[in-house]
Amino acid sequence: MPQSPSLSASGSASPGLARILFRRSEIGLVVALLAVILFFALASDTFLTVRNLTNVLGQASLAMIAGVGVAIVFISGEVDVSVGSLVAAVAIPLITVMNATESLALGIAAALALGLCVGIVNGFLAAYLGINSLITTLGTLFILRGGVYLYTGQKAIPDDVMLESFFQLGNGRLFEVVPYPALIAFALLLVFAYVMRHRTFGRKVYAVGGNPEVARLAGYDVKRVKFTCFIISSLLATVSGILLASRLGSAVHVAGLGFEFQVVAAVVLGGVSLSGGVGSLFGAALGVLILSFLSNGLGMLDLATEWQLVITGFIIIAAVGFDEWKRRQP
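Residue numbers for the sequence shown follow this note's numbering, beginning at 68 and rising by one.
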């Protein structure tokens, strides 16, 4: 017997809404983020201060920017672990060109050119030649890091011209409160989240990552889509590298060490599937924020770095396991 409208509204709509909210990983991540913030706010008197919160946002912004690109590559069904070394590498042309020309624009252009080249190489090898993307980008990671060591002689290349505009890029704050890197990160997040959710390219990325053969039969150029994703990832990692160089005031050979693992961990924690076709950029951003606030809070409790790493690892494994369990539910 069919249900009456009133019965449907009161009986089935509510469970349906709850089911939708439960399945949306972003909701759970928001709750987790708020729980982390609440716990450390109660545990530390200085955690919930404007200065500390904005500092965390500024620190998280670099991983968030790179994480957007890495998440897009993951959703397409590929992997990019070269972002850590790229962050260090792009600072070299940035600082070198700025020192030679006293032009921030030319320095940024040089950094973006290197990032573009790395993205093209990664994308061509993985998408068009079919080389496993993990192996491809792992090789790029070592090549770039080795190149940085060789070029710098394992010494920092200082910013000799000390342009105020360059300093403000990574260290300035809007109204003396909100760090500029955080504003840049959220702006890029909104732009690419819109593209992934509402534009044709985003639908293609999800389709290619979900089932490349079906996407090919639907008329999508699978190789081109994946190629483009690698370029986006490298360019966004370049932006992170530019902001980090601004903060450091130099090109440092050890910059970005372990950065790729931080980004990948946050993206996976945010619900982006390593198998492709599943996840959202907002989820990836929330994953970055959770790990950033967690690291900051544990540091305030004077917990040893070793234990911070152990706890973070357990949380990531638990989050991935829970996500996998949800996917297997009927």
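C-beta atoms are modelled at their ideal positions from N, C-alpha and C, and glycine is treated no differently.
Being a predicted model, the structure only gives us computed values, none of them experimental.
- A direct Cα-to-Cα measurement between V185 and R291 gives close to 16 Å.
- Taking the Cα of G323 as reference, the smallest distance to any Cα among S149, V355 and G316 is reached at S149.
- Short of 6 Å from the beta carbon of G134, and not among the five residues preceding or following it, lie these beta carbons of its own chain, in chain order: V330, A333, V334, A351 and V355.
- For T116, no alpha helix (DSSP H) segment is defined, and its DSSP state is neither H nor E.
- M165 has its alpha-carbon roughly 15 Å from the corresponding atom of Q235.
- The closest CA to that of V98, considering only L124, G343, G239 and G337, is found on G337.
- Looking at the backbone, the Cα of L205 and that of R212 are separated by about 11 Å.
- The DSSP-derived three-state label of S317 is strand.
- Here V140 is near V146, since their CB atoms are less than 8 Å apart.
- Just so you know, the alpha carbons of I187 and L100 end up roughly 36 Å apart.
- Of all C-beta pairs linking the region 248-266 to the region 117-135, three or more are shorter than 8 Å, placing the two stretches in contact.
- Taking the CA atoms as reference points, G174 sits about 49 Å from R395.
- With contacts defined as CB atoms closer than 8 Å, T295 and V157 fail to qualify as a contacting pair.
- Per DSSP, reduced to three states, the secondary structure at V245 is strand.
- A straight-line Cα-Cα distance of about 12 Å links A274 and R264.
- Judged by beta-carbon spacing, P246 lies within the 8 Å limit of L124, meaning their Cβ atoms are closer than that value.
- N119 and F191 have their C-alpha atoms roughly 42 Å apart.
- The secondary-structure analysis by DSSP pairs I210 with nothing; it has no beta-bridge partner.
- Contact annotation: A318 and L161 have beta-carbon atoms nearer than 8 Å.
- In this structure, V103 sits away from F349, with a CB-CB distance that is not shorter than 8 Å.
- Note on the region 168-239: whole alpha helix (DSSP H) runs with a minimum of 4 residues are 171-190, 200-219 and 231-238, in chain order.
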